[in-house]
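In what follows, a single structure is set out as structure tokens and then discussed.
Protein chains: 2
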Amino acid sequence: MPTIKDVAKYANVSVATVSRVLNKKGYVSKEAEENVLKAIADLNYKPNSVARSLYHKTSKMIGLLIPDITNPFFPELARAVEDVALTYGYTVVICNTDEDIRKEAQYLEALQQKYIDGLILTTNQLSADNYENLGIPLVALDRQFSNRVPTVSSKNYEGARQATEYLIENGSEFIAHIRGPYHVKPADDRYQGFKNVVEEQGIAHIVVDCDFTMASAMEVAQGLFEKYPTIDAVFASSDIIAAGVLKVAKNSNKQIPEDLQIIGFDGIPLGEMLTPALTTVAQPIYKMGALSARLLIKQIEKQPLDVKNYEVKTTIQYRETTRSDA
Amino acid sequence: MPTIKDVAKYANVSVATVSRVLNKKGYVSKEAEENVLKAIADLNYKPNSVARSLYHKTSKMIGLLIPDITNPFFPELARAVEDVALTYGYTVVICNTDEDIRKEAQYLEALQQKYIDGLILTTNQLSADNYENLGIPLVALDRQFSNRVPTVSSKNYEGARQATEYLIENGSEFIAHIRGPYHVKPADDRYQGFKNVVEEQGIAHIVVDCDFTMASAMEVAQGLFEKYPTIDAVFASSDIIAAGVLKVAKNSNKQIPEDLQIIGFDGIPLGEMLTPALTTVAQPIYKMGALSARLLIKQIEKQPLDVKNYEVKTTIQYRETTRSDA
DNA sequence: CTGAAAGCGCTTACAG
DNA sequence: CTGAAAGCGCTTACAG
Numbered sequence: 001m002p003t004i005k006d007v008a009k010y011a012n013v014s015v016a017t018v019s020r021v022l023n024k025k026g027y028v029s030k031e032a033e034e035n036v037l038k039a040i041a042d043l044n045y046k047p048n049s050v051a052r053s054l055y056h057k058t059s060k061m062i063g064l065l066i067p068d069i070t071n072p073f074f075p076e077l078a079r080a081v082e083d084v085a086l087t088y089g090y091t092v093v094i095c096n097t098d099e100d101i102r103k104e105a106q107y108l109e110a111l112q113q114k115y116i117d118g119l120i121l122t123t124n125q126l127s128a129d130n131y132e133n134l135g136i137p138l139v140a141l142d143r144q145f146s147n148r149v150p151t152v153s154s155k156n157y158e159g160a161r162q163a164t165e166y167l168i169e170n171g172s173e174f175i176a177h178i179r180g181p182y183h184v185k186p187a188d189d190r191y192q193g194f195k196n197v198v199e200e201q202g203i204a205h206i207v208v209d210c211d212f213t214m215a216s217a218m219e220v221a222q223g224l225f226e227k228y229p230t231i232d233a234v235f236a237s238s239d240i241i242a243a244g245v246l247k248v249a250k251n252s253n254k255q256i257p258e259d260l261q262i263i264g265f266d267g268i269p270l271g272e273m274l275t276p277a278l279t280t281v282a283q284p285i286y287k288m289g290a291l292s293a294r295l296l297i298k299q300i301e302k303q304p305l306d307v308k309n310y311e312v313k314t315t316i317q318y319r320e321t322t323r324s325d326a
Numbered sequence: 001m002p003t004i005k006d007v008a009k010y011a012n013v014s015v016a017t018v019s020r021v022l023n024k025k026g027y028v029s030k031e032a033e034e035n036v037l038k039a040i041a042d043l044n045y046k047p048n049s050v051a052r053s054l055y056h057k058t059s060k061m062i063g064l065l066i067p068d069i070t071n072p073f074f075p076e077l078a079r080a081v082e083d084v085a086l087t088y089g090y091t092v093v094i095c096n097t098d099e100d101i102r103k104e105a106q107y108l109e110a111l112q113q114k115y116i117d118g119l120i121l122t123t124n125q126l127s128a129d130n131y132e133n134l135g136i137p138l139v140a141l142d143r144q145f146s147n148r149v150p151t152v153s154s155k156n157y158e159g160a161r162q163a164t165e166y167l168i169e170n171g172s173e174f175i176a177h178i179r180g181p182y183h184v185k186p187a188d189d190r191y192q193g194f195k196n197v198v199e200e201q202g203i204a205h206i207v208v209d210c211d212f213t214m215a216s217a218m219e220v221a222q223g224l225f226e227k228y229p230t231i232d233a234v235f236a237s238s239d240i241i242a243a244g245v246l247k248v249a250k251n252s253n254k255q256i257p258e259d260l261q262i263i264g265f266d267g268i269p270l271g272e273m274l275t276p277a278l279t280t281v282a283q284p285i286y287k288m289g290a291l292s293a294r295l296l297i298k299q300i301e302k303q304p305l306d307v308k309n310y311e312v313k314t315t316i317q318y319r320e321t322t323r324s325d326a
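Printed below as a string of structure tokens:
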């Protein structure tokens, strides 16, 4: 690979001049510029980003820390981040942390040593300090973890309210909410939205805990239906949980949505592949990813942020696991 | 962040000595070593990988080029690659190419400028030359594209044979194969496996083309069932296609697996979330990803490859869309 | 065993 | 307008 020296020699100028035309900065005569441009083309020269990194202490790379790309919520998010990163000339490094504090620390160290320009975080294991001390731009995605870092999340509370109201409008009288893990902000907010609506309207309800995995959802749903056979609707805190509920319900020969309505949360592609297709509170996942990448790049490039926190709207995706009596 | 100079000053030695203890290479006195180690600890010094990259022309990063992380086959693959990369101290850059030659070229250029150490490719758009001229280690994953580059793939032909034989053993007498795109090696091999078995055994069959998307699968299946209502089994070239077939079949009130058996290919998590759960020819996806990462890192680290090409075995995952008369 | 020096490929004051 | 030089943070011959 040719270096800037080769170009300089070929164009009969100094490396400084080559650098100037490369960066379009500083004066350079028409003639010199033409020679340099020709040399670059002739030699098929590409500036070496490592050398640039060393000087600028910046890398044109951003890190995306997620719990696990294998969780169907994340691929679309990652895709969006990557798409906008590519547009702006950034490259993205994906880090699966498994919410494991040691892995997070290991990644952070590696990324820092590479002059990573910024981080998008969908994780809240390490305390906020660990990130803020890095001294690089951050964006929190899905979960807010410090009011000093810009955040992109969706209106979990409002979405949960709408879901619950919709089940009630459709005639359900005994609604179960299978909530996600405690201290995970979105799970808490969805729970709160559910609770407020059923209490305001005086609807019989039951809340049970669950992981965001299908296996635990099936176990929980099994127990729930045995104990409370008259439950006529489930609001699941995620689509994966809803998928588990659906499976158990069908195995127990419940008619869906006649005997039991089910509504999920997230809007992952899985939902529409199920039969019956899952009604869900859809988050604009791609948009959230894209928004967070833009927010991060703006900070990296020192542009002013007109909005610091985005709370995007959810929309109910009406499909086949709910009735529409309303 | 402290640099090697700070450490040298603190330890009262030269930077050369610090570098020697960092790299455990060259002679250094017990005493000097201790001082340096203490300095490193006291200052919390981490060597800068960018500077190292510049000197060594290597980056401790590997690139993973995939068509689209949003396709459910890839997250698990990516996860595996990332897991083993982390183990060996490498970081992975994910590139969604959409099988678009311009995007691939753009990524290749960016990665090359960063001294990427090697590439795992699951794509075959660019001609082999474009990659081989990069002069860095490569591994082809899922699809072979040159006999000079180590490849990890699964026994698509054999898997397809087994699937077809299984459907026949279970009594199916008119089998449809919905194949994937032409010139995609795995799709071709699966087709070939299917064709050979039905012809050997003299079973009525029909083959139709399809993309690896659920939408096109549903369209194809719809047409297929209308034209040939007596089809009693479908071998789909991927699980996504199978999911589409399943949906259409259920909408047409076919009893599964009584009226119609369905078997997919891939073994993605979606399969078991469906109801009935999908029988499929499962590839060891995680293993394939891990294998390819190891194969790549071995090349990067100039270790001999005892095996250059891996063809891993598939296994039928018996679930609910097939009978088991056999 | 150890340090001074050159070099990896760039960029940017500083002179001129 | 242009070039020589220093510097980004390392590593590694080369002397000693």
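Keeping their order, the protein sequence lines are chains C and U.
Letter by letter, the first sequence follows residues 1 to 326 of the UniProt record's numbering.
Letter by letter, the second sequence follows residues 1 to 326 of the UniProt record's numbering.
Glycine included, C-beta positions come from ideal geometry on N, C-alpha and C.
Keep in mind the model is a prediction, meaning the values are calculated, not measured.
Given a cut-off of 8 Å on the beta-carbon distance, is the pair residue i and residue j in contact?
{"i": "U:Ile-256", "j": "U:Met-214", "result": "no"}
{"i": "C:Val-18", "j": "C:Val-36", "result": "yes"}
{"i": "C:Val-92", "j": "C:Ser-292", "result": "no"}
{"i": "U:Phe-265", "j": "U:Thr-164", "result": "no"}
{"i": "U:Pro-137", "j": "U:Asn-309", "result": "no"}
{"i": "C:His-205", "j": "C:Ile-168", "result": "no"}
{"i": "U:Pro-75", "j": "U:Glu-99", "result": "no"}
{"i": "C:Ser-172", "j": "C:Gln-261", "result": "yes"}
{"i": "U:Lys-60", "j": "U:Tyr-90", "result": "yes"}
{"i": "C:Ala-78", "j": "C:Leu-64", "result": "yes"}
{"i": "C:Tyr-157", "j": "C:Gln-112", "result": "no"}
Around the C-beta of residue i, are 16 or more other C-beta atoms found within 10 angstroms, so that it is buried, or is it exposed?
{"i": "residue 356 of chain U", "result": "No answer is possible for residue 356 of chain U: it lies beyond the span of chain U, which begins at 1 and ends at 326."}
{"i": "U:Gly-202", "result": "exposed"}
{"i": "U:Leu-71", "result": "Per the sequence shown, the amino acid found at residue 71 of chain U is Asn instead of Leu. U:Asn-71 comes out buried."}
{"i": "U:Gly-26", "result": "exposed"}
{"i": "C:Ser-324", "result": "exposed"}
{"i": "C:Asp-306", "result": "exposed"}
{"i": "U:His-177", "result": "buried"}
{"i": "C:Arg-102", "result": "exposed"}
{"i": "U:Gly-135", "result": "exposed"}
Relative to the C-alpha of residue i, which candidate in the options has its C-alpha closest?
{"i": "C:Asn-196", "options": "C:Tyr-10, C:Ala-160, C:Val-184 and C:Leu-224", "result": "C:Ala-160"}
{"i": "U:Ile-4", "options": "U:Thr-322, U:Tyr-166, U:Ile-40 and U:Asp-266", "result": "U:Ile-40"}
{"i": "C:Ser-146", "options": "C:Lys-185, C:Gly-180, C:Lys-155 and C:Ser-154", "result": "C:Lys-185"}
{"i": "U:Cys-95", "options": "U:Thr-321, U:Pro-229, U:Gly-89 and U:Leu-108", "result": "U:Leu-108"}
{"i": "C:Tyr-166", "options": "C:Ile-101, C:Thr-321 and C:Met-1", "result": "C:Thr-321"}
{"i": "U:Glu-258", "options": "U:Val-139, U:Ala-233 and U:Ile-62", "result": "U:Ala-233"}
{"i": "U:Asn-12", "options": "U:Lys-24, U:Leu-22, U:Lys-38 and U:Asn-23", "result": "U:Lys-38"}
{"i": "C:Asn-48", "options": "U:Thr-58, U:Met-218, U:Ile-316 and U:Pro-47", "result": "U:Thr-58"}
{"i": "C:Thr-230", "options": "C:Ser-238, C:Tyr-191, C:Ser-252 and C:Met-273", "result": "C:Ser-252"}
Can you grab the Cα-Cα spacing for the pair residue i / residue j, in whole Å?
{"i": "C:Lys-250", "j": "U:Thr-275", "result": "8 Å"}
{"i": "C:Asn-130", "j": "C:Arg-143", "result": "16 Å"}
{"i": "U:Asn-44", "j": "C:Ile-268", "result": "43 Å"}
{"i": "U:Thr-314", "j": "U:Glu-301", "result": "30 Å"}
{"i": "U:Gly-223", "j": "U:Ala-277", "result": "24 Å"}
{"i": "U:Met-1", "j": "U:Lys-247", "result": "57 Å"}
{"i": "U:Gly-271", "j": "U:Gly-244", "result": "11 Å"}
{"i": "C:Phe-194", "j": "C:Glu-311", "result": "19 Å"}
{"i": "C:Ala-32", "j": "C:Leu-119", "result": "40 Å"}
{"i": "U:Phe-225", "j": "U:Ala-242", "result": "14 Å"}
{"i": "C:Thr-122", "j": "C:Ala-8", "result": "46 Å"}
{"i": "U:Ser-216", "j": "U:Asp-188", "result": "18 Å"}
{"i": "C:Ile-69", "j": "U:Arg-148", "result": "31 Å"}
{"i": "U:Ile-297", "j": "U:Pro-181", "result": "31 Å"}
Within the 8 Å Cβ cut-off, does residue i reach chain U?
{"i": "C:Thr-275", "result": "yes"}
{"i": "C:Lys-247", "result": "yes"}
{"i": "C:Val-93", "result": "yes"}
{"i": "C:Leu-270", "result": "yes"}
{"i": "C:Asn-48", "result": "yes"}
{"i": "C:Ile-178", "result": "no"}
{"i": "C:Lys-298", "result": "no"}
Could you check whether the Cβ of residue i sits closer than 8 Å to any Cβ belonging to chain C?
{"i": "U:Tyr-137", "result": "Checking the displayed sequence, the identity of residue 137 of chain U turns out to be Pro instead of Tyr. No, U:Pro-137 does not count as interfacial toward chain C."}
{"i": "U:Ile-175", "result": "no"}
{"i": "U:Val-54", "result": "It is Leu, not Val, that sits at residue 54 of chain U in the sequence shown. Judged by the 8 Å Cβ criterion, U:Leu-54 is in contact with chain C."}
{"i": "U:Ala-160", "result": "no"}
{"i": "U:Pro-75", "result": "yes"}
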